[in-house]
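Participant: According to my numbering, the sequence shown holds residues 119 to 214 in order.
Virtual Cβ for every residue (Gly too), placed ideally from N, Cα, C.
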Amino acid sequence: MMEQSRPLDALNRARNKRVIVDLKNQKQMIGNLVAFDIHINTVLDNAEEYDAKTTKIVKQVDDKTREETTTTEMVLKKKLGTVFLRGDTIISISPS
119 MMEQSRPLDA
129 LNRARNKRVI
139 VDLKNQKQMI
149 GNLVAFDIHI
159 NTVLDNAEEY
169 DAKTTKIVKQ
179 VDDKTREETT
189 TTEMVLKKKL
199 GTVFLRGDTI
209 ISISPS
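#1: Could you pull the start and end residues of the beta strand (DSSP E) that A132 belongs to?
#2: So, is S212 buried or exposed, given that buried needs 16 or more other C-beta atoms within 10 angstroms?
#3: Return the chain-ordered ranges of every beta strand (DSSP E) run that is complete within the region 124–190 and spans a minimum of 3 residues.
#4: What's the call for F202, buried or exposed, on a 16-neighbour Cβ count within 10 Å?
#5: If we ignore side chains and look at the alpha-carbon of each, how far apart do I175 and K135 end up?
#6: Taking Cβ to Cβ, would you say V86 is nearer than 8 angstroms to D163?
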């Protein structure tokens, strides 16, 4: 019988690797996963904070028709070093 992998096992495999952490406040942290606990409180080293920048492009096709496009990109805001992220602020953690 094959042993099932648990969510914390997946997170443990990402330890000491670069991860992207999506936060509830629309920000992303990217850094090396150092430690975590059962509440997903997380420590990142060499962490960088990214902000979502949304750009709206409006193109007038003719007198009656407009085309709108929205793009979102993540822009580096700060280099933070070592950070502690509280688990209840985290939406997702993924290896980069």
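Facilitator: In terms of the structure at hand:
#1: First-last for A132: undefined, no H or E at that position.
#2: exposed
#3: Qualifying beta strand (DSSP E) stretches, in chain order: 136–141, 145–154 and 160–178.
#4: exposed
#5: 37 angstroms
#6: Because residue 86 is not part of the residues shown, which for the chain are 119 to 214, the question remains open.
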